[in-house]
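A.B. asks:
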Amino acid sequence: MPGQENIFADADGFSSASDFVYLLQDYCKKFDLPVIENSRVLSVEYVSGSKYFSVCVSENGSAKYYLSKQVVIASGGQNIKNIPFFAKKISEEVLQLHACEYRNISLLPEGAVLIVGSAQSGVQIAEDLIESGRKVFISTSQVARVPRRYRGKDIVDWFMLTGFNEVRTTDVADHQILTMKQPQASGVGVRGHTVSLQSLARKGVVILGKIETADPAKVLIQPNAAFHVKFANEFSGKMKGMIDEYIQRLGLQAPPAEKDIDDQPDETAACASSVTILNLKENNITSIIWTTGFIVDFSYLKLPAFNENGMLRHSDGISDIEGLYFLGLPWLRKRKSGIILGIREDARFIAEKLIAKSGN
Ligand SMILES: Cc1cc2nc3c(=O)[nH]c(=O)nc-3n(C[C@H](O)[C@H](O)[C@H](O)COP(=O)(O)OP(=O)(O)OC[C@H]3O[C@@H](n4cnc5c(N)ncnc54)[C@H](O)[C@@H]3O)c2cc1C
Numbered sequence: 001m002p003g004q005e006n007i008f009a010d011a012d013g014f015s016s017a018s019d020f021v022y023l024l025q026d027y028c029k030k031f032d033l034p035v036i037e038n039s040r041v042l043s044v045e046y047v048s049g050s051k052y053f054s055v056c057v058s059e060n061g062s063a064k065y066y067l068s069k070q071v072v073i074a075s076g077g078q079n080i081k082n083i084p085f086f087a088k089k090i091s092e093e094v095l096q097l098h099a100c101e102y103r104n105i106s107l108l109p110e111g112a113v114l115i116v117g118s119a120q121s122g123v124q125i126a127e128d129l130i131e132s133g134r135k136v137f138i139s140t141s142q143v144a145r146v147p148r149r150y151r152g153k154d155i156v157d158w159f160m161l162t163g164f165n166e167v168r169t170t171d172v173a174d175h176q177i178l179t180m181k182q183p184q185a186s187g188v189g190v191r192g193h194t195v196s197l198q199s200l201a202r203k204g205v206v207i208l209g210k211i212e213t214a215d216p217a218k219v220l221i222q223p224n225a226a227f228h229v230k231f232a233n234e235f236s237g238k239m240k241g242m243i244d245e246y247i248q249r250l251g252l253q254a255p256p257a258e259k260d261i262d263d264q265p266d267e268t269a270a271c272a273s274s275v276t277i278l279n280l281k282e283n284n285i286t287s288i289i290w291t292t293g294f295i296v297d298f299s300y301l302k303l304p305a306f307n308e309n310g311m312l313r314h315s316d317g318i319s320d321i322e323g324l325y326f327l328g329l330p331w332l333r334k335r336k337s338g339i340i341l342g343i344r345e346d347a348r349f350i351a352e353k354l355i356a357k358s359g360n
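According to my numbering, the residues represented by the sequence shown are 1 to 360, in order.
Okay, here's the thing in structure tokens:
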């Protein structure tokens, strides 16, 4: 972040969640940032007949009102668990958790585990559980994969160098790209590692298609696991092709591709299961973990800031409501906007707008 340089002893390493929290706390301290903790914004609304927003905040339990001409909404894009409606139909004998509630195997009763969702959280939890000795089933969907390292660098370094992360939202013609999940990869281990559906299958995980619905005793599954395996393979191939082309175009010195068995395509999708009905009891499934992502909560925003589909109306984080801005959302301005890497640039962009306007 601005003002922070070389803060990690190992710049290519992965920080733990608690290390990252300490880092933010230190940052607030170092720059004496006026953070008010334990404060929930209950509403942001117009003050009729004025240019001010009224912001109602519950601060340590007592309500306070602030008046402001400018408000930046940075309350995150992933606030509420996203769990399919049919989860409610499943027998109460089966423990159900969302990814944000999972910590480790000790939370789960004895027995097999069904993980629903094969993006980053799903594949990482599946790996954690299979390596802890559990029987694991994973229900997949169309999710990309990337090799963790390629030709001497972490994939995120390549995404920064090649300009992949810099793609502007306004330049994306294919709407599907804007809703793609974060690709399968793991940060476990000193430099992290690749994780693929075929690598999970090699460890014993059963690779299922997407769940269509459920009843108390079973889940019904679409026969598309093979398609999901092939989709991930193709995406990884495309990313490697993009990096090779970049290296060649710039005449860079880069080592050849590492041997990475976990990234090796399963051309025939032999690892995919064709099971379409999974009986929970017969398979001794005692817990289900929903790694089906999050949705956003803007219920406190009592302003006409949304379009007819309930999506925020904004351009580069600037609302068409005067004085209202957004930060920290996927594809706010660029591909990198939804990850920590993108915040610095977006925050500077919005801060410049705020300063210019407050001078008026
Ligand atoms: C499972 C998961 C893994 C991720 N892994 C990575 C990763 O490895 N690398 C990476 O770069 N990015 C990762 N991300 C994305 C990263 O978390 C986000 O880019 C980043 O957190 C966005 O920061 P933010 O401050 O905008 O929002 P958030 O971190 O979501 O912070 C929003 C804050 O606003 C608060 N808030 C919400 N509503 C209110 C309200 N009404 N009143 C007051 N406060 C409110 C919330 O409590 C929260 O503290 C991951 C995200 C998820 C969900």
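For glycine and all other residues, C-beta sits at the position ideal for the given N, C-alpha and C.
Because the structure is a prediction, the values reported are computed rather than measured.
With the cut-off set at 8 Å, would you say valine 136 and alanine 185 are in Cβ contact?
C.D. replies: Cβ distance not < 8 Å, so valine 136 and alanine 185 don't count as in contact.
A.B. asks: Where do the ends of the alpha helix (DSSP H) carrying isoleucine 289 lie?
C.D. replies: Per DSSP, isoleucine 289 belongs to no alpha helix (DSSP H); it is in the beta strand (DSSP E), 285-290.
A.B. asks: Which full runs of the alpha helix (DSSP H) of 4+ residues lie inside the region 2-54, going along the chain?
C.D. replies: Correct list: 17-30.
A.B. asks: Would you check whether ligand 1 has a heavy atom nearer than 7 Å to the C-beta of aspartate 346?
C.D. replies: Because no heavy atom of ligand 1 lies under 7 Å away, the Cβ of aspartate 346 does not count as near it: no.
A.B. asks: Just to check my reading of the structure: isoleucine 207 and alanine 232 have Cβ atoms closer than 8 Å, yes? What is that Cβ distance to the nearest angstrom?
C.D. replies: The pair is not a contact, with the Cβ atoms about 11 Å apart (cut-off 8 Å).
A.B. asks: Using 7 Å as the cut-off, classify the Cβ of alanine 419 as near or not near the heavy atoms of ligand 1, replying yes or no.
C.D. replies: Past the boundaries of the shown model lies residue 419; the chain is included only from 1 to 360, so the question cannot be answered.
A.B. asks: In chain order, what residues of the same chain lie with their CB nearer than 7 Å to the CB of proline 84, ignoring the 5 residues before and after it?
C.D. replies: Here the set comprises Thr292.
A.B. asks: Can you check which of these residues, Ser106, Val71, Leu178, is closest to serine 337 by C-alpha distance?
C.D. replies: That would be Leu178, whose Cα lies nearest to the Cα of serine 337.
A.B. asks: Assign cysteine 100 to one of three DSSP states: helix, strand, or coil.
C.D. replies: The answer is helix: DSSP assigns cysteine 100 an H, G or I state.
A.B. asks: Short of 6 Å in beta carbon distance, which residues of its chain neighbour leucine 114, apart from the five on each side in sequence? Order them along the chain.
C.D. replies: Only Phe137, Ile285, Ile288 meet the Cβ criterion.
A.B. asks: Would a C-beta distance cut-off of 8 Å place arginine 151 and alanine 257 closer than the cut-off?
C.D. replies: In this structure, alanine 257 lies closer than 8 Å to arginine 151 by Cβ.
A.B. asks: Among the candidates Cys100, Asp316, Gly49, whose CA atom is the shortest distance from the CA of phenylalanine 349?
C.D. replies: Ranking the options by Cα distance to phenylalanine 349, first place goes to Asp316.
A.B. asks: Would you mind reading off the limits of the beta strand (DSSP E) that contains glutamate 212?
C.D. replies: Note, glutamate 212: beta strand (DSSP E), 211-214.
A.B. asks: State the start and end residues of the unbroken beta strand (DSSP E) segment that holds lysine 218.
C.D. replies: Unbroken beta strand (DSSP E) run through lysine 218: 218-221.
A.B. asks: Does the distance from the CB of glutamine 198 to the CB of lysine 210 come in under 8 Å?
C.D. replies: No; because the gap between Cβ atoms is not below 8 Å, this pair is not in contact.
A.B. asks: Quick check on the burial criterion: 16 or more other C-beta atoms within 10 angstroms. Buried or exposed for serine 50?
C.D. replies: It is exposed - the Cβ of serine 50 has fewer than 16 other Cβ atoms within 10 Å.
A.B. asks: Between the region 160-173 and the region 90-106, are three or more C-beta pairs nearer than 8 Å?
C.D. replies: Too few Cβ pairs lie closer than 8 Å, so no.
A.B. asks: Measure the Cβ-Cβ separation of glutamine 70 and glutamine 120 and say whether it is below 8 Å.
C.D. replies: Contact: no.
A.B. asks: With the cut-off set at 8 Å, would you say tyrosine 66 and valine 57 are in Cβ contact?
C.D. replies: Yes, the Cβ-Cβ distance between tyrosine 66 and valine 57 is below 8 Å.
A.B. asks: Could I get the ranges of all uninterrupted alpha helix (DSSP H) runs contained in the region 179-259, with 4 residues as the minimum, in chain order?
C.D. replies: You should have 197-203, 225-250.
A.B. asks: By the three-class DSSP mapping on this structure, what secondary structure does asparagine 165 have?
C.D. replies: Residue state, collapsed to three classes: helix.
A.B. asks: Taking 8 Å as the cut-off, decide whether the C-beta atoms of isoleucine 105 and tyrosine 325 are in contact.
C.D. replies: Against a cut-off of 8 Å, the Cβ pair of tyrosine 325 and isoleucine 105 comes out as no contact.
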